[in-house]
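> In the working numbering, the protein residues as written are 133 to 287. We put the beta carbon where it would ideally sit given N, CA and C, even for glycine. Structure provided below as structure tokens; questions to follow.
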Amino acid sequence: MGIEGLANSPSDRKELSVNMELARQAAKRAYNPYSRFAVGCILVDELGNKYSGCNIESASYSVTLCAERVAGSQAIANGSRSWKTIYIVSPTRVGPCGVCRQFLYEFAPDLQVFLGDLESDAFLGPIPLRDLLPFADSLQLTALGEKRPNPPKEE
Ligand SMILES: [Zn+2]
Numbered sequence: 133m134g135i136e137g138l139a140n141s142p143s144d145r146k147e148l149s150v151n152m153e154l155a156r157q158a159a160k161r162a163y164n165p166y167s168r169f170a171v172g173c174i175l176v177d178e179l180g181n182k183y184s185g186c187n188i189e190s191a192s193y194s195v196t197l198c199a200e201r202v203a204g205s206q207a208i209a210n211g212s213r214s215w216k217t218i219y220i221v222s223p224t225r226v227g228p229c230g231v232c233r234q235f236l237y238e239f240a241p242d243l244q245v246f247l248g249d250l251e252s253d254a255f256l257g258p259i260p261l262r263d264l265l266p267f268a269d270s271l272q273l274t275a276l277g278e279k280r281p282n283p284p285k286e287e
């Protein structure tokens with residue numbers, strides 16, 4: 133990706149640094165006895181409110197919650213549905229999974245995503261969520277029954 137390390141101004145860099153550190157703190161709260169893979173994130177809404185998330189695993193693997201959905205659920209439960217940016221840190225700067233991309237898109241199709249590292253200041257972003265989830269399902273498409281752009285061709 134040609135977007136590594138982009139932060140436009142000193143205030144952007146300060147905000148990035150602060151939020152990445154908050155995400156690293158969230159990752160320390162991960163409950164991950166099965167994977168040992170800690171993920172933390174900070175979701176920032178349009179008003180500047182911040183919601184943290186960490187992954188929460190379960191012996192029944194499918195019950196596992198990703199950090200992104202934990203943060204989003206906290207935001208929703210606190211009345212926030214207009215999100216601007218998410219900062220996600222992990223050992224490998226992994227992006228949100230497909231489920232989380234769709235979950236985040238429901239409330240914030242214009243969300244900007246930053247992917248950070250647990251052990252260093254390296255990061256990727258901003259990455260538009262729309263680029264991570266092309267042809268996303270949305271309330272407008274579903275409610276209006278509109279055809280999705282460029283539907284797959286039938287053979
Ligand atoms: Zn996920």
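#1: Under the rule that 16 or more other beta-carbon atoms within 10 Å means buried, what is T175, buried or exposed?
#2: Can you grab the Cα-Cα spacing for the pair S143 / G227, in whole Å?
#3: Quick one: residues in its chain with C-beta nearer than 7 Å to the C-beta of N164, no 5 flanking neighbours on either side, listed in chain order?
#4: Tell me which residues share the same chain as A162 and place their Cβ nearer than 6 Å to its Cβ, disregarding the 5 neighbours each side in the sequence.
#5: Check the DSSP bridge columns for T289 and list the partner residues they point to.
#6: Give the straight-line distance between the Cα atoms of L261 and K146, rounded to the nearest whole angstrom.
#7: Could you tell me which of S167, R201, R156 sits nearest to A240, measuring between CA atoms?
#8: Excluding the 5 residues flanking N181 on each side, which residues of the same chain have their C-beta closer than 7 Å to its C-beta?
#9: In whole angstroms, what is the alpha-carbon distance linking A199 and A209?
#10: Out of curiosity, what's the CA-to-CA distance linking M133 and L264?
#11: Can you tell me which of the three DSSP states D253 falls into?
#12: Report buried or exposed for V150, applying the criterion of at least 16 other Cβ atoms within 10 angstroms of its Cβ.
#13: Listed in chain order, which residues are found with a beta carbon closer than 7 Å to a heavy atom of ligand 1?
#14: Over what stretch of residues does the beta strand (DSSP E) that includes G185 continue unbroken?
#15: Only counting the same chain, and skipping five residues up and downstream in sequence, which positions put a Cβ closer than 6 Å to that of T217?
#16: Roughly how many angstroms separate the alpha carbons of T224 and L154, rounded to a whole number?
To lay it out plainly:
#1: The question names Thr, but residue 175 in the sequence shown is Leu. Flag for L175 reads buried.
#2: 24 Å
#3: A170, N187, E189
#4: A170, C186, N187, listed in sequence order.
#5: Here the chain covers residues 133 to 287 and nothing more, so residue 289 does not appear.
#6: 22 Å
#7: R201
#8: S212
#9: One C-alpha to the other measures close to 15 Å.
#10: Any reading at M133 must be qualified, since the residue scores a pLDDT of 36, below 50, and its modelled position is unreliable; no value is offered.
#11: coil
#12: Of the other Cβ atoms in all chains shown, fewer than 16 fall within 10 Å of the Cβ of V150; this residue is therefore exposed.
#13: Neighbourhood of ligand 1, defined by CB distance below 7 Å to any of its heavy atoms: C198, E200, R201, P228, C229, V231, C232, in chain order.
#14: 182-186
#15: Excluding positions up to five away in sequence, the list reads V176, Q244.
#16: When rounded, the distance between both Cα atoms is 17 Å.
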